[in-house]
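Report on one structure; see the data block that follows.
In full-length UniProt numbering, the protein residues as written are 1 to 301.
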């Protein structure tokens, strides 16, 4: 799981088809040092391999030793995909310590009967004879394609002792939602822009061939949103005093692209992605990818 050097108590990963994606951090991605900050926030960056037609989720874990700033009691996690806001969740201070996932969004959160959608990697398609207006527009759109941003922050709930909802209706449960577009639009991205696929062609994944080639994405992937049969329960939680703490950036590319750019070099693997080191006084203790605690008994206390 990726972590922020300035705040190692928060870890984020992308889960594809039920498995955490391998994270690669080539040297050029981490330099110059100032490139690891944006809008004054620390940023953790890595590449992951995307797989067409595979659904993915964002997984977040917080160490029990994470210290909330004064007048805050919620951890906020806002997800942006291809430059568009997907969803934002709030995790109460009293209920941290387990792995949380963000992978589904209701088309209209104000309508209980509205359908739920997941995020799925999809191949980009090309148009050979695009006019100049289309090329110009695509040149702007392509800048955020293939990028997942996860902005993590804190806030103060406006209700007493917030707790995750407990239902007895047979539905699967989603974490608490926040009452607006998470940490957008004043932090790193522009607000709501998720486009849902209801069986129509994914026009938003279509680009002029020239733009794809110039950006080395002629074999690239984007994200589409597909309706799922599952029903979920969730509660919207109003909050105030929002503060962004950092941003995790995942550049997703298919295997062939990563291989061609020599990003799959074993030396670039982020080995911390397999487990989150707990910031305890005993550094032999870590949380592994399956959520269990591991203790290295070969080392002295």
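In this text, a Cβ means the ideal position worked out from N, Cα and C, and glycines have one as well. Given the structure is predicted, the values throughout are model-derived calculations rather than measurements.
request  = Could you tell me which of 243, 238, 22 sits nearest to residue 40, measuring between CA atoms?
outcome  = Proximity to residue 40 across 243, 238, 22 peaks at 243, based on C-alpha coordinates.
request  = Below 8 Å on the Cβ atoms is my guess for residue 155 versus residue 74; work out the distance and round it to an integer in Å.
outcome  = Their Cβ separation, rounded to whole angstroms, is 5 Å, which keeps residue 155 and residue 74 in contact under 8 Å.
ask   = Can you give the Cα-Cα distance for residue 110 and residue 86, rounded to whole angstroms?
value = Here the alpha carbons of residue 86 and residue 110 stand approximately 15 Å from one another.
message = Check whether the stretch 122-136 and the stretch 205-213 are in contact - that is, three or more C-beta pairs closer than 8 Å.
response = Yes: at least three Cβ pairs fall under 8 Å.
ask   = Residue range of the beta strand (DSSP E) that residue 271 falls in?
value = Here residue 271 belongs to no beta strand (DSSP E), and DSSP marks it neither H nor E.
request  = Flag this pair as yes or no: are the beta carbons of residue 62 and residue 148 separated by less than 8 Å?
outcome  = Taking the C-beta atoms as reference points, residue 148 is found no nearer than 8 Å to residue 62.
inquiry  = Among 255, 249, 262, 253, whose alpha-carbon lies nearest the alpha-carbon of residue 4?
reply    = Residue 4 has its Cα closest to that of 249, out of 255, 249, 262, 253.
query = Would you call the CB atoms of residue 254 and residue 220 closer than 8 Å?
reply = Yes. Within cutoff.
Coil, strand or helix - residue 94 by DSSP = In the displayed model, residue 94 falls within a helix according to three-state DSSP.
key: DSSP beta-bridge partners of residue 225   = Residue 225 is bridged by DSSP to 119.
ask   = Closest by CA to residue 45, which one among 24, 58, 79?
value = When each option's Cα is compared against that of residue 45, the closest is 24.
Residue 204 - DSSP class collapsed to helix/strand/coil = Three-state result, residue 204: helix.
ask   = Per DSSP, residue 62 forms a beta bridge with which residues?
value = DSSP output for residue 62 lists 10 as bridge partner(s).
query = Hey, residue 48 and residue 79 are a contact pair by Cβ (cut 8 Å); roughly how many whole angstroms apart?
reply = Between residue 48 and residue 79 the beta-carbon gap is near 14 Å, outside 8 Å, which marks them as no contact.
request  = Verify whether the separation of the beta carbon atoms of residue 239 and residue 150 is less than 8 Å.
outcome  = Taking C-beta atoms as the reference points, residue 239 and residue 150 fail to come closer than 8 Å.
task = Kindly identify the DSSP beta-bridge partner or partners of residue 143.
result = Its beta-bridge partners do not exist; DSSP assigns none.
inquiry  = Applying the 10 Å Cβ sphere with the 16-neighbour rule, what's the burial state of residue 106?
reply    = Residue 106 should be labelled buried.
message = Can you give me the C-alpha to C-alpha distance between residue 228 and residue 81, rounded to a whole angstrom?
response = Spanning the two alpha carbons is a distance of roughly 19 Å.
key: Close beta carbons around residue 205, own chain, < 7 Å, minus the five adjacent residues each side   = Hits under 7 Å: 122, 124, 125, 222, 224.
task = Per DSSP, which residues does residue 22 bridge with? Please list them.
result = Answer by DSSP bridge pairing: none, since residue 22 is not bridged.
ask   = Is any heavy atom in the ligand FAD found nearer than 7 Å to the beta carbon of residue 255?
value = No copy of the ligand FAD occurs in the structure displayed, which carries no ligand at all.
For residue 193, the three-state DSSP class (helix, strand or coil) = Low local confidence applies: a pLDDT of 44 at residue 193 is under 50, so the model's placement there is unreliable, and no value is given.
inquiry  = Here's a check: name, in chain order, each residue in its chain whose Cβ is nearer than 6 Å to the Cβ of residue 139, leaving out the five neighbours to either side.
reply    = Closer than 6 Å at the Cβ level, and outside the excluded window around residue 139, lie 211.
inquiry  = Judging by CA-CA distance, which residue of 54, 55, 95, 53 is the nearest neighbour of residue 65?
reply    = Per the Cα distances, 95.
Spatial distance of residue 50 from residue 252 (CA atoms) = Distance between the alpha carbons of residue 50 and residue 252: 5 Å.
ask   = Whose CA, out of 203, 52, 6, 157, lies closest to the CA of residue 70?
value = When C-alpha distances from residue 70 are compared across 203, 52, 6, 157, the shortest belongs to 157.
query = Taking DSSP as the reference, what is the three-state secondary structure of residue 158?
reply = Residue 158: coil per DSSP, three-state reduction.
task = Report the option in 27, 10, 17 whose CA atom is closest to the CA atom of residue 264.
result = The shortest C-alpha separation from residue 264 is found at 27.
request  = Taking residue 245 as part of the beta strand (DSSP E), name the residues at either end of that continuous run.
outcome  = Its beta strand (DSSP E) spans residues 239-253.
query = With 16 as the cutoff for other CB atoms within 10 Å, does residue 18 come out buried or exposed?
reply = Exposed is the call here.
key: residue 209, DSSP secondary structure in three states   = Helix at residue 209.
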